[in-house]
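Q: There's a structure below that I have some questions on.
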Amino acid sequence: MKFSDGTIYNPSEHPRHMERSDEWSDCMSSANQKLIFRLLCVPLMMLFIFIVNILRIPNPMMILVIPVVYYTYSDGYVSGILSGTTATIYASYFFLVETHDPAGMVKMATIVLNVFTVILLIGKLKARDKKNMGELLRLNDSLVLAATTDKLTGATNRQAFLEAAQAVFENNTRLQNPVSVLFIDVDHFKQVNDIYGHAFGDSVLTRISEIIARCLRNSDLSCRYGGDEFIALLFHTDCSITQIAANRIMSEVQQAQFDMHPDFRLSVSIGISSGIPTTTQDLDDLINSADENMYQAKQKGRNQIVQNQIN
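Numbering (full-length UniProt numbering), first residue to last: 1 to 311.
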């Protein structure tokens, strides 16, 4: 996307997209590590067998079961079977090639049975631990989502927004890129609750949250700031582009229809503060300025946009 100042915005450079890219890279790296681990199972097992053979351990299979257990638990059935097969091949040489007697065959069969029983048991233990870990990760994800999401609207909550916005603000201060804050307040929302009820008021807030998210770029940050107030941070965006986004939000809010009350119409007042941040300014300055502009829009009759430059 090209802005009016000639700069080009690439959404993939936003921290959210970078985070997804990092997760994909980590996933690929983990897959490569598993492949390398499995490829090394056989040569490492052969090296271990060579050492055991040099030491002339009387019952080498008791020692060789140790790496089989390790490989199985570290990487699951595949590595366990690779290492276990290598161990049993050595067992066939140790008990059959030299003696060729029935007793050796019985020992060989017992070893094979024991080795793969161990692999099965350890593999199941590994699978159970992996399942438990997956459940813990899912639970952790749900807790993180609950801690960062507004329960009513599904939008980002205030604390999570401020943390993400602070990082974006500091980065754009360093790069000297323009940033903008939209402070959005629902007009006459108390009357909405008083006349139509709180359930309908909640649906209004949810709809506005959806409209804001739809009218902004995926890379922009927005949240329910509190009550009937919403806030958005647009980075690498000058005042003119922010004005376009604000007009789009106002237009969609005015056109919004509700099945519970088809004749109901809604409006919002929006304050905008834009500029290139300096080291003497912080995010609160930008938010407070946008908040003041929103109140000016209220005083001028509501359903308006008031904006200013911070520098």
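Virtual Cβ for every residue (Gly too), placed ideally from N, Cα, C.
(1) Per DSSP, which one or two residues make a beta bridge with E170?
(2) Tell me residue 396's beta-bridge partners as DSSP assigns them.
(3) Please list the terminal residues of the continuous beta strand (DSSP E) segment that includes D185.
(4) Identify every residue that forms a DSSP beta bridge with residue 321.
(5) Return the chain-ordered list of same chain residues with a C-beta closer than 6 Å to the C-beta of T72, the five sequence neighbours on each side being excluded.
(6) Quick one: is D194 buried, meaning 16 or more other Cβ sit within 10 Å of its Cβ, or exposed?
(7) Using three-state DSSP, classify A222 as helix, strand or coil.
(8) Which same chain residues, not among the five before or five after G201, have their C-beta less than 6 Å away from its C-beta?
(9) With a Cβ-Cβ cutoff of 8 Å, do L220 and N303 count as a contact?
(10) Please classify N288: does DSSP put it in a helix, a strand, or coil?
(11) Determine the direct distance from the alpha carbon of Y225 to that of G275, and round the result to whole angstroms.
(12) Name the DSSP beta bridge partners of S269, please?
(13) Consult DSSP for A232 and reduce its assignment to one of helix, strand or coil.
(14) Tell me whether V112 sits in a helix, a strand or coil according to DSSP, three-state version.
(15) At the level of alpha carbons, what is the spacing between N114 and Q159?
(16) May I ask you to verify whether the region 170 to 183 touches the region 256 to 268, counting CB pairs closer than 8 Å and requiring at least 3?
(17) If you measure between the beta carbons of K126 and G76, is that distance less than 8 Å?
(18) For A290, tell me which candidate among V253, R248, T279 and T242 has the shortest Cα-Cα distance.
(19) Helix, strand or coil for R227? Go by DSSP, reduced to three states.
(20) Which residues bound the beta strand (DSSP E) around I243?
(21) If we count Cβ pairs, one from each stretch, closer than 8 Å, do we get three or more for the region 34 to 48 versus the region 82 to 94?
(22) Tell me the DSSP secondary structure of T149 in three-state form.
(23) For N10, which three-state DSSP category applies?
(24) Exposed or buried, what is V144 when buried is set at 16 or more other beta-carbons lying within 10 Å of its beta-carbon?
(25) Which first and last residues belong to the beta strand (DSSP E) in which I81 is found?
(26) Could you have a look at I310 and say whether DSSP puts it in helix, strand or coil?
(27) Under a three-way DSSP split, which group does G301 fall into?
(28) Near W24, which residues of its chain fall below 8 Å by C-beta distance, leaving aside the five closest residues on each side in sequence?
(29) Under three-state DSSP, which class holds F48?
(30) Return yes when the Cβ of T153 is within less than 8 Å of the Cβ of L205, no when it is not.
A: Concretely, from the data shown:
(1) By one-based count along the sequence shown, residue 170 stands at place 170. Partner(s): none; E170 has no beta bridge.
(2) Look at the range of the chain in this structure, 1 to 311, and you will see that residue 396 is not part of it.
(3) Numbered from its first residue, the sequence shown carries residue 185 at position 185. Looking at the DSSP string, the run of the beta strand (DSSP E) that includes D185 is V179 to V186.
(4) Residue 321 cannot be examined here, being either before or after the span of the chain that is shown, 1 to 311.
(5) Numbered from its first residue, the sequence shown carries residue 72 at position 72. Excluding residues within five positions, the ones whose Cβ falls inside 6 Å are G80, I119, I122 and G123.
(6) Your numbering for residue 194 matches position 194 in the sequence shown. D194 should be labelled exposed.
(7) One-based indexing of the sequence shown puts residue 222 at position 222. Reading off the sequence shown, one finds Ser at residue 222, where the question assumed Ala. The answer is strand: DSSP assigns S222 an E or B state.
(8) Taking the first residue of the sequence shown as 1, we reach residue 201 at position 201. Within the same chain, G201 has close Cβ partners V192 and N193.
(9) Position 220 of the sequence shown, counted from the first residue, corresponds to residue 220. Position 303 of the sequence shown, counted from the first residue, corresponds to residue 303. Leu is not the amino acid found at residue 220; the sequence shown has Asp there. No.
(10) For the purposes of this step, residue 288 is taken as residue 288 along the sequence shown, with counting starting at 1. If DSSP states are grouped into helix, strand and coil, N288 belongs with the helices.
(11) Your numbering for residue 275 matches position 275 in the sequence shown. Your numbering for residue 225 matches position 225 in the sequence shown. About 21 Å.
(12) Here residue 269 refers to the residue found at position 269 when the sequence shown is read from its first residue. Answer is D185.
(13) As a position in the sequence shown, residue 232 is number 232, starting the count at 1. In the structure shown, A232 sits in a strand (DSSP, three-state: E or B).
(14) Position 112 of the sequence shown, counted from the start, is the residue given in the question as residue 112. Helix, per DSSP.
(15) Looking up residue 114 in the sequence shown gives position 114. Looking up residue 159 in the sequence shown gives position 159. Cα-Cα distance, rounded: 56 Å.
(16) no
(17) Looking up residue 126 in the sequence shown gives position 126. Looking up residue 76 in the sequence shown gives position 76. Yes. Within cutoff.
(18) In the sequence shown, residue 290 corresponds to position 290, counting from 1. Ranking V253, R248, T279 and T242 by Cα distance to A290 puts T242 first.
(19) As a position in the sequence shown, residue 227 is number 227, starting the count at 1. Before going further, note that residue 227 is Gly rather than Arg in the sequence given. The answer is coil: DSSP assigns G227 none of H, G, I, E or B.
(20) Taking the sequence shown and counting its residues from 1, the one referred to as residue 243 is at position 243. Note that residue 243 is Gln in the sequence shown, not Ile. Here Q243 belongs to no beta strand (DSSP E); instead the alpha helix (DSSP H) covers C239 to Q255.
(21) yes
(22) Translated into positions along the sequence shown, residue 149 becomes position 149. Three-state result, T149: strand.
(23) Working through the sequence shown from its first residue, we reach residue 10 at position 10. Only weak support is given to the placement of N10: the predicted model assigns it a pLDDT of 47, under 50, and the value that follows is read from those uncertain coordinates. Reduced to three states, the DSSP call for N10 is coil.
(24) Sequence index remark: in the sequence shown, residue 144 carries index 144 (1-based). V144 is exposed by the Cβ-count criterion.
(25) The residue you call residue 81 lines up with position 81 of the sequence shown. Where I81 is concerned, there is no enclosing beta strand (DSSP E), although the alpha helix (DSSP H) it sits in stretches over Y77 to S92.
(26) As a position in the sequence shown, residue 310 is number 310, starting the count at 1. Of the three classes helix, strand and coil, the one that applies to I310 here is coil, per DSSP.
(27) Numbered from 1 along the sequence shown, position 301 holds the residue referred to as residue 301. In the structure shown, G301 sits in coil (DSSP, three-state: anything other than H, G, I, E or B).
(28) For the purposes of this step, residue 24 is taken as residue 24 along the sequence shown, with counting starting at 1. Low confidence applies to W24: its pLDDT is 46, below 50, so where it sits in the model is not reliable, and the reading given next is rough at best. Nothing listed; no residue qualifies.
(29) In the sequence shown, counting from the first residue as 1, residue 48 sits at position 48. Helix.
(30) In the sequence shown, the residue the question calls residue 205 occupies position 205. In the sequence shown, the residue the question calls residue 153 occupies position 153. Going by C-beta atoms, L205 is nearer than 8 Å to T153.
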